[in-house]
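Working notes, structure below.
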Amino acid sequence: MAILKEERIGGQRLILGDCREVMPLLGQFDAVVTDPPYGIGESAGKAKTRTSGLTSKRNGETRYVRDYGNKSWDATTADDEVEMARSIARRHIIFGGNYYNLPPTSCWLVWDKLNGANDFADCELAWTNIPKAVRRIPLLWNGCMRVERHIARVHPTQKPVALMEWCLGFLPDAVTILDPFMGSGTTLVACQRMGRSGTGIELDPQYFDIACKRVDEAARQPDLLIAAPAPQPVQEGLPL
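So for the sequence shown, the numbering used here puts the first residue at 1360; every next one is plus one.
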């Protein structure tokens, strides 16, 4: 199977294929920044609080919400794939790292969503091997989306571009970035905007096509997505 399709857009490389087969074909990277399956058993069809149909009302406002279907995108963890990715990169930022058997770290990145009960978790943790203390970013999903010109969430675990830019900010010396679970391509959009060279791997053809379109938009119209003013990260005194 290996590489089924490959697109080079802007400074980014997008690969359709199974990351277990593709990663051995790639060289070394400065960093891996990714959001693998957490293995908590949530499927897109069950995430009714955030994808309940074509419209959703929040704060009195009716807005379009994409239906992700019934794909089981989070049935199991991807332990082998995560270890493989770690082996070909020097620095690592891995969302959902608390669901994996990873080495102890002093630096967890904490995304405080400020969303209340409207998502499956009020915050998400990213494990890193960065030699810093715990960092927390309070970032409202809806606020990011308004700034990002009402771009709809097209993947169940899609992250705001501003969040991924914040993560990349902890890797100032990392030029080449790998995301083996590319999804809708947010990591590569952030790479394109920040002048990094990203490589993303995605198994689902539908999400691969969406990622290509998003990266292409970022490459052709760099002002299309305007990042929100960067929230000041909060340093926590105690590791989690």
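Every residue gets a Cβ at the ideal spot worked out from N, C-alpha and C, and that includes glycine.
A quick note: this is a predicted structure, and the numbers were derived from the prediction, not measured.
Just measuring C-alpha positions, the residue of Y1566, C1571, A1361 and V1391 sitting nearest F1529 is V1391.
Relative to the Cα of Y1458, the nearest Cα in the group M1553, P1395 and C1378 belongs to P1395. The Cβ atoms of K1491 and C1526 lie no closer than 8 angstroms to each other. Per DSSP, I1569 lies in no beta strand (DSSP E); the unbroken alpha helix (DSSP H) holding it starts and ends at P1564 to R1579.
Between the beta-carbon of S1556 and that of C1550 there is about 7 angstroms, and that keeps the pair under the 8 angstroms contact cut. Within its own chain, the residues whose Cβ lies closer than 6 angstroms to the Cβ of L1547, once the five positions on either side in sequence are excluded, are Q1371, G1557, G1559 and V1574, listed in chain order. The alpha carbon of E1483 has as its nearest neighbour, out of P1462, I1452 and I1489, the alpha carbon of I1452. Taking the Cβ atoms as the reference, A1448 lies roughly 6 angstroms from L1537, within the contact range of under 8 angstroms.
Ranked by Cα distance from R1379, the options E1366, I1362 and P1497 are led by I1362.
Within the model, the alpha-carbon separation for P1462 versus L1385 is close to 24 angstroms. Here M1443 has M1382 as same chain residues with Cβ atoms under 6 angstroms from its own Cβ, once five neighbours each way along the sequence are excluded.
In the DSSP secondary-structure assignment, F1529 is not bridged to any residue.
Separation of L1499 and V1520 (C-alpha to C-alpha, rounded to the nearest whole angstrom) is 12 angstroms.
Annotated as distal: R1494 and L1473, with beta-carbon spacing of 8 angstroms or more. By the neighbour-count definition (other C-beta atoms within 10 Å, threshold 16), R1579 is an exposed residue. Selection L1562, F1567, T1393 and R1552 evaluated against G1369 yields R1552 as nearest (Cα-Cα). Around the beta carbon of P1564, fewer than 16 other beta carbons sit within 10 angstroms, so the residue counts as exposed. For C1571, the CB contacts under 7 angstroms within the same chain, skipping 5 residues up- and downstream, are E1366, I1368 and L1373 in chain order.
Remark: C-beta atoms of I1496 and D1471 approach each other more closely than 8 angstroms. Taking 8 angstroms as the cut-off, the Cβ atoms of G1376 and L1522 do not count as close. Membership of D1438 in any beta strand (DSSP E) is not indicated; the residue belongs instead to the alpha helix (DSSP H) covering D1438 to S1446.
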